[in-house]
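Protein chains in written order, with our numbering: chain X, 837 to 1173; chain C, 837 to 1173.
Just so you know, even glycine gets a beta-carbon here, dropped at the ideal spot from N, CA and C.
Structure record follows, encoded as structure tokens.
Protein chains: 2
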Amino acid sequence: MDAAIAEHVGPLITHDGTTVPAARLVYATYGKLNRARDNAILFPTRFGATHRENEFLIGPGKALDPGRWCVIVPNLFGNGLSSSPSNTPAPFDGPRFPSVTIADAVRVQHQLVSEVLGISRLALVVGWSMGAQQAYEWAARYPDRVSRLAVICGAARTAVHNAVFLESLRAAIRADAAWAGGEYRTPPLGGLRAVGRIYAGWAYSQDWYREGLHLGMGDFDTLESYLAGYWDRLFEQRDANNLMSMTWTWIHHDISANERHRGDLRSALRAIDADTLLMPARTDLYFRTADNLAEQPLIRRCMLEEIPTIWGHMCASGQSPVDTRFIDSALRGLLGR
Amino acid sequence: MDAAIAEHVGPLITHDGTTVPAARLVYATYGKLNRARDNAILFPTRFGATHRENEFLIGPGKALDPGRWCVIVPNLFGNGLSSSPSNTPAPFDGPRFPSVTIADAVRVQHQLVSEVLGISRLALVVGWSMGAQQAYEWAARYPDRVSRLAVICGAARTAVHNAVFLESLRAAIRADAAWAGGEYRTPPLGGLRAVGRIYAGWAYSQDWYREGLHLGMGDFDTLESYLAGYWDRLFEQRDANNLMSMTWTWIHHDISANERHRGDLRSALRAIDADTLLMPARTDLYFRTADNLAEQPLIRRCMLEEIPTIWGHMCASGQSPVDTRFIDSALRGLLGR
């Protein structure tokens, strides 16, 4: 996939008034902005991933066709590519990196889109998981700049139960003495592996494991070989401070946590003026259809299409071709409106 | 609750041939055995609990009325009261305590029931969670000794997804350097707290948290105060080796893992000759209705009553009075057959 990688450097001013003077927002662009600058799609990244992991949904013949659209993928602060604990110099290095809300990140994305790229209106903001949180924030914060909104396995506010899951990841990192409050010199591998194994239970559904699909994620013949070969390896490579940063961001996501809506989620949902598509997955264990169903009636023009899958939250990771086609088709429908 | 506490001491011979010479099976008895010795009910304990935590279902006027029935509650090996890593002398102390299967435990319970107490047939074997695993094992292993079987939030074999959850608990303990492979002198508190916070997400349902019922579990006004005040405290007191022992037991539960059935779960289910009642909870995240529905057609006489609750797995803990009444009423129905 041909991506143009660029970065937008500027101050990141966080919710609590901390300023990181030259924060870097790294973004990838697929396709070209047209003269009218009205073919831009924003597709923010998810937890622990970069723009690369969004590419399976972008390409010729797909809904997000770079021949038709200019797809911009901003990397979320904390993901290790944009400014993060792992790549920021003192005094904001490691555990001293400030806590960043989804709203903080979206405000910087807004500067990039409107001031740097000169785009006044996005044809679509779409995201999965934490990407969906950013998309939701965009539509609620800048209703006149978002024509369409697609929320794939996301919510307007992090559910309490979802926060419990995230707090368990944080507790697992803290359980490892090597973590040392974020001042580790060698990675807290025990904690990171525990994070991976906790995630393993939440990311895919009970039915997915029941069908034995975990064994197909590699050359695995037992549950233990899968946990060790897939999840331990995946999380051993992650930076613990980055994980702490992103989980904090995730836990505190709330489109109504601002002066305009003062915690009134209904008010924030009513502010959305985009043609909206909510796409929960039937078997997602933390971003649930029930939560989207509660949001739907409060959004002016809102469709809900449940993804009929046993892949749980991971249905939109690109690992399940059937679900990828379902999502691509739904996005095509939304873009045709 | 008046309980007669006694212990049965004898060799515990485990699945891999290890023998703990004078293992202690501590059991509580509520009510008296009648002359015909046909009014005995066996009600094994659940994960991390003793006979005390079963008492909410026992009492005058309840289905398990000690005026009518003799309710025997054997404490599961590993629970800290019966022989466990925490209370067994060398050479089987701490991490040297052998791994024990549900079948190993049930074989000792069978000695107690038949040889010591002289009971040839149990009117009912009932259990919740790991207690349900023991009940299932009883009915499949000793079909001519079990008249009725009640499985509350349990399964004939531990589901793969359930094992993933349990492996995450084990990884969290191992992540704490204080664990030291089970040779800790001071408890691995970080690991234990992480275990509590992982458990918090699985034990109750998403809907339960959504309704804010977690705040009613104590004097809590935030999620963090609940996690710290309820779960951290609960698991800080647990013995890590005992938790490792019991999670191993739980993971390896399979009523067909024996020479007779050789892993054929259908064959093991067909061996059951008890009037059976499967009671999954609608919102249980690890012992699921889907698994019980797959078992039901293979058991000769089997009813399934789903507990209509948002309390998730914990509906049968005694914390939810409505669910306790539902279960009590269902047990009354089963005992009336």
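Kindly say whether residue i, judged by its beta-carbon, lies nearer than 7 Å to any beta-carbon of chain C.
i	result
X/Q1155	no
X/G853	no
X/A1076	no
X/V996	yes
X/Y1045	yes
X/A859	no
X/D1111	no
X/D1012	yes
X/A999	yes
The beta strand (DSSP E) with residue i in it runs from where to where?
i	result
X/M1139	C1138 to L1140
C/A939	From DSSP, C/A939 is part of no beta strand (DSSP E) but of the alpha helix (DSSP H) over I938 to H946.
C/Y1174	Past the boundaries of the shown model lies residue 1174 of chain C; chain C is included only from 837 to 1173, so the question cannot be answered.
C/Y1157	It should be pointed out that residue 1157 of chain C corresponds to Pro in this sequence rather than to Tyr. First-last for C/P1157: P1157 to G1172, but that is the alpha helix (DSSP H), not the beta strand (DSSP E).
X/A1039	Note, X/A1039: premise wrong, no beta strand (DSSP E); alpha helix (DSSP H) at L1025 to A1039.
C/L878	A876 to L878
C/A840	A840 to I849
C/W905	Element bounds for C/W905: n/a, residue is neither H nor E.
C/G967	First-last for C/G967: M966 to R977, but that is the alpha helix (DSSP H), not the beta strand (DSSP E).
X/R984	R984 to I988
Taking just the CA atoms, how far does residue j sit from residue i?
i	j	result
X/T885	X/N911	For the record, residue 885 of chain X in the displayed sequence is Ala; it is not Thr. The alpha-carbon atoms of X/A885 and X/N911 are separated by roughly 8 Å.
C/L917	C/V862	7 Å
C/L784	X/W1038	Limits of chain C in this structure are 837 at one end and 1173 at the other, which puts residue 784 of chain C out of reach.
C/L1134	C/T1125	15 Å
C/L1051	C/H1149	18 Å
C/A840	C/A1110	28 Å
X/N1078	C/F879	47 Å
X/S1198	C/M1053	An answer regarding residue 1198 of chain X cannot be provided, because it is not within the stretch 837 to 1173 covered by chain X.
X/G963	C/L900	53 Å
C/E1072	C/A1014	13 Å
C/Y1020	X/W1044	37 Å
X/Q1132	X/W1067	34 Å
X/Y866	C/R882	55 Å
X/M1080	C/T1160	39 Å
C/I1108	X/H997	38 Å
C/R1198	C/I1146	What is shown of chain C runs 837 to 1173, which leaves residue 1198 of chain C out entirely.
C/G1169	X/P921	60 Å
C/M966	C/P1116	13 Å
C/G903	C/E891	14 Å
C/N875	C/A1166	18 Å
X/E1095	X/A1104	11 Å
C/Q945	X/C1138	59 Å
X/K898	X/W905	11 Å
X/R984	C/G914	56 Å
C/R1029	C/Q970	28 Å
C/T1083	C/T937	10 Å
X/S919	X/V1031	22 Å
C/W974	C/V982	7 Å
Any C-beta of chain X sitting closer than 7 Å to the C-beta of residue i?
i	result
C/E1003	yes
C/V1182	Beyond the ends of chain C as shown, which are 837 and 1173, falls residue 1182 of chain C; an answer cannot be given.
C/R1124	yes
C/A1008	yes
What first and last residue would you give for the alpha helix (DSSP H) that runs through residue i?
i	result
X/A999	V996 to R1010
C/L1129	T1125 to E1131
C/Q1073	It is not in any alpha helix (DSSP H) - C/Q1073 carries neither H nor E in the DSSP assignment.
C/W1147	First-last for C/W1147: undefined, no H or E at that position.
X/Y1066	Counting along the chain, X/Y1066 falls outside any alpha helix (DSSP H), and DSSP gives it neither H nor E.
Taking any Cβ of chain X, which residues in the segment 1024 to 1042 of chain C have a Cβ under 9 Å from it, in chain order?
Residues passing the 9 Å Cβ filter: P1024, L1025, G1026, G1027, L1028, R1029, A1030, V1031, G1032, R1033, I1034, Y1035, A1036, G1037, W1038, Y1040, S1041 and Q1042.
Extract the residue ranges of the alpha helix (DSSP H) inside the segment 1077 to 1123 of chain X, only unbroken runs of 4 or more that lie entirely within it.
The DSSP assignment places complete alpha helix (DSSP H) segments of no fewer than 4 residues inside the segment 1077 to 1123 of chain X at 1101 to 1106, in order along the chain.
Of the residues that make up the segment 1058 to 1071 of chain X, which ones have a beta carbon closer than 7 Å to any beta carbon in chain C?
Hits within the stretch, in order: L1059 and L1063.
Chain C contacts from the segment 910 to 930 of chain X (Cβ-Cβ distance under 8 Å):
Nothing from the segment 910 to 930 of chain X brings a Cβ to less than 8 Å from some Cβ of chain C.
Within 7 Å of chain C by C-beta, residues of the segment 1077 to 1108 of chain X in sequence order
Under the 7 Å Cβ criterion, the segment 1077 to 1108 of chain X contributes no residue.
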